[in-house]
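Asker: Could you have a look at this structure, given as structure tokens, before my questions?
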Amino acid sequence: MAIRSTQLSLFCSGLLALSGAVAHAQNCPSQGIRPGTYYIASALGDNRCLDRRTQDSNSIQFYFCNGQSDEQFQLESGDLGSGCYRIRAVYNGTSDPHFLDPVAGGLPGLALLIEADSGNLKSYYWRILKNANNTYSFINELNDESPNQQCMNRRDPDDQGRAQLLHCDFGDNRYQFWLASSKAELDKLKNQKAKPNKAPKK
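Written out as structure tokens, the structure reads:
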């Protein structure tokens, strides 16, 4: 009888875990963004890319695109659904053992850092949404495996062009990014004229 009770308990635990996984997947809608290596560039119209800086305490900063490997990032999907990714740095053309991760719990206004993989995978997941025109991407933090309205933002030059994690404002194009799998594709996107902002698809 004890064995049956244990088996029942394990079965119920499995169902709870499965339902949790389904809930997380619903928070990560697939929008056609496949795992792979991408340039992540601001759609602010200032020709800047997200750059993995090595000489500044591993901080992520926006820097002028020049086609170097430290401006590339790998999007890796996981068990949270096909629309949620870990964003890993690429350095010298190879995968870097660091992930994009908000500092100090992602408090508003703080810079984003690349941190070593500590095994706490949930802190490295990001939800990527497309806007209504399927033109730009919004990169949301997933905090403690649940959606959090903190978005990656390209701050003004008074913050040295750093990437910041701030409360989302989808009407502000500082929250809009291009994701391009090649330098040629990125250049094509950057040459597009900015369009009016619309809220992302849900």
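Here the sequence shown is numbered in our numbering, starting from 1 and rising by one per residue. Even for Gly, the Cβ is constructed at its ideal location relative to N, Cα and C.
Report yes if the CB atom of S42 is closer than 8 Å to the CB atom of G83, and no otherwise.
Answerer: It is not a contact, given that the beta carbons lie outside the stated cut-off.
Asker: Alpha carbon to alpha carbon, how far is N134 from L179?
Answerer: Cα to Cα, N134 sits roughly 12 Å from L179.
Asker: Quick one, are the C-beta atoms of Y39 and E71 less than 8 Å apart?
Answerer: In contact: Y39 and E71 (Cβ atoms closer than 8 Å).
Asker: Can you tell which of A132, Y124, H167 has the C-alpha that lies nearest to the C-alpha of P97?
Answerer: Ranking A132, Y124, H167 by Cα distance to P97 puts Y124 first.
Asker: Under DSSP, the alpha helix (DSSP H) around D187 begins and ends at which residues?
Answerer: 183-190 is the span of the alpha helix (DSSP H), which, as asked, contains D187.
Asker: Assign A163 to buried or exposed, taking buried as 16 or more other Cβ atoms, counted over all protein chains shown, within 10 Å of its Cβ.
Answerer: Its Cβ being crowded by 16 or more others within 10 Å, A163 is buried.
Asker: Determine the DSSP secondary structure at Y63, reduced to helix, strand or coil.
Answerer: The answer is strand: DSSP assigns Y63 an E or B state.
Asker: Beta-carbon within less than 8 Å of S53's beta-carbon, same chain only, minus the 5 sequence neighbours each way: which residues are those?
Answerer: Reading the sequence as shown, one finds Arg at residue 53 and not Ser. Contacts found: S59, I60, Q61, Y63, D70.
Asker: Thinking just about the alpha-carbon of each residue, which of A89, K183, D101, D172 is nearest to the one in S137?
Answerer: Of the listed residues, the one whose Cα sits closest to S137 is D172.
Asker: If you follow the beta strand (DSSP E) that T37 is in, where does it begin and where does it stop?
Answerer: It spans 36-42 - the beta strand (DSSP E) in which T37 sits, taken as one unbroken run.
Asker: Under the three-state reduction of DSSP, which class applies to R155: helix, strand or coil?
Answerer: Three-state result, R155: coil.
Asker: From P102 to R86, what distance separates their C-alpha atoms?
Answerer: So the two alpha carbons sit approximately 12 Å from each other.
Asker: Measuring CB to CB, does R127 end up less than 8 Å from L142?
Answerer: In this structure, L142 lies closer than 8 Å to R127 by Cβ.
Asker: Residue range of the beta strand (DSSP E) that Q164 falls in?
Answerer: Note, Q164: beta strand (DSSP E), 163-167.
Asker: Any idea what DSSP makes of S30, helix, strand or coil?
Answerer: S30: coil per DSSP, three-state reduction.
Asker: The beta strand (DSSP E) spanning S95 covers which residue range?
Answerer: Unbroken beta strand (DSSP E) run through S95: 94-102.
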